[in-house]
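Going by our numbering, the first residue of the sequence shown is number 0, and it counts up by one from there. Quick reminder that beta carbons are idealized off the backbone N, C-alpha and C, glycines included. Structure, as C-alpha cells:
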Amino acid sequence: MRRDDDRAQALRETGAEVVVGDLTSSRDVADALDGCGQVYFGMAVSEQYLLAAVTTAAAARAYAGLEAFVNMSQLTVSEMDVTSTAESHQHRQQWLVEQVLDWSGLPVVEVRPTVFLENPLFQAGFSWIPRDGTIRLPFGRAKTSPIAAHDVAAAVEEILADPSRHVGRTYELTGPRSESIDAMAAEISAASGRTVGYTDVPLQRWLDDDLRALGLPDHTFQHISTMARLHAAGRYDRQAHGMEQITGRPAGGVADFVRRNPELFTR
0 MRRDDDRAQA LRETGAEVVV GDLTSSRDVA DALDGCGQVY FGMAVSEQYL LAAVTTAAAA
60 RAYAGLEAFV NMSQLTVSEM DVTSTAESHQ HRQQWLVEQV LDWSGLPVVE VRPTVFLENP
120 LFQAGFSWIP RDGTIRLPFG RAKTSPIAAH DVAAAVEEIL ADPSRHVGRT YELTGPRSES
180 IDAMAAEISA ASGRTVGYTD VPLQRWLDDD LRALGLPDHT FQHISTMARL HAAGRYDRQA
240 HGMEQITGRP AGGVADFVRR NPELFTR
C-alpha cells in the first residue's frame with residue numbers, strides 16, 4: 000500500500016500482511032518482497048508506472064526461487080512495436096515493461112485484459128443512464144469487449160494458486176463477446192429492467208463535456224482519451240479465450256456487471 004487507509008484495514012481483515020511503501024523505492028520494494036515466493040504487479044495508471052515496474056522487477060530478481068511474477072498489462076500492447084505512435088504514454092510504458100520482463104529471466108506470466116468495465120471511460124459513459132437512459136460514448140459503430148475487474152481477479156487468483164502451469168505464458172482476457180455500444184445498451188436494458196440507448200458523441204465534445212469533468216490527472220486523461228480514440232478506430236474489437244483457459248469459464252459480461260453493480264445504473 001502507498002497509504003495506510005481503510006483499504007489497508009480491509010486487507011488486514013482477510014489475514015493479509017500489509018506493507019506501506021513506495022513502489023519506486025528499491026528499499027521499500029525489497030522489504031515488501033522479503034519472504035515472498037510470488038509477485039503480482041498491478042499498478043494504476045501513473046506517470047511513474049515504468050519506474051515502479053522496473054524497480055519491482057529488479058528487486059524480484061534478487062530473490063532466488065521466486066515461483067512467479069504475474070504482470071497486469073493491457074491487450075493493446077499486443078499490437079504495438081518499438082516504433083508505434085498511436086497509443087498513449089501509458090500504453091508505451093506498459094509495452095516497455097513487457098520488454099524488460101522478457102529480458103529479466105524472471106518466471107513471468109503476462110495478463111492482458113482489453114479494458115475494465117470499471118475504467119473511467121465506461122463509467123463516464125454509463126453515468127448518463129440514471130439521468131436520461133443513454134450511454135454517451137464517442138465510439139461510433141465500433142465494437143469492444145470489456146471485462147470486469149472481478150473476472151480478471153479470478154484469473155489472477157487461479158494463476159497464483161498453481162503458477163508452474165502458467166509461467167512463460169501470455170493470457171489475453173476479454174469479455175464473452177465483442178459488441179457495439181448499441182448491443183451493450185440492449186444487454187443493460189435486459190439486466191436493469193429499463194430502456195437504455197446509445198448516444199454517439201463526437202470525440203472532442205465528449206472529451207470536453209464528459210471526460211474532462213472527472214478531473215483526472217493529465218497523464219490519466221491522455222490515456223483515457225487515447226483509449227476512446229482507439230475504440231472508435233476498432234482497436235478494441237478483440238475476442239480472446241484466456242479467461243476460459245485459466246478458469247474454465249468465460250467472463251461474465253456486461254449484463255453480469257449490471258447485476259453486480261445496480262447502483263451504477265439507478266442512482
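Worksheet item: Does the pairing of the stretch 88-108 with the stretch 125-145 give three or more beta-carbon distances under 8 Å?
Response: no
Worksheet entry | Continuous beta strand (DSSP E) stretch holding L172: start and end | 169-172
Item to complete: Counting only the same chain and skipping the five closest in sequence on each side, list residues whose C-beta sits under 8 Å from that of E157.
Response: I245, T246
Item to complete: Quick one: grab the DSSP three-state call for T54.
Response: helix
Worksheet item: Does the beta-carbon of L136 have 16 or more other beta-carbons within 10 angstroms, so that it is buried, or is it exposed?
Response: buried
Worksheet entry | Whole beta strand (DSSP E) elements within the stretch 19-103, 3-residue minimum | 37-40, 67-71
Item to complete: Could you spell out the range, first to last residue, of the beta strand (DSSP E) harbouring V155?
Response: First-last for V155: 148-160, but that is the alpha helix (DSSP H), not the beta strand (DSSP E).
Item to complete: Using alpha carbons as the reference points, say which of T13, G124, L32, R259 lies closest to D21.
Response: L32
Discussion item. Using C-beta distances below 6 Å, list every residue in its chain close to F47, excluding the 5 sequence neighbours before and after it, in chain order.
Written reply: Note on residue identity: the sequence assigns Gln, not Phe, to residue 47. T23, listed in sequence order.
Worksheet item: Which residues bound the beta strand (DSSP E) around L136?
Response: 133-136
Worksheet item: Which one of V253, L263, R258 has the shortest CA to CA distance from F115?
Response: V253
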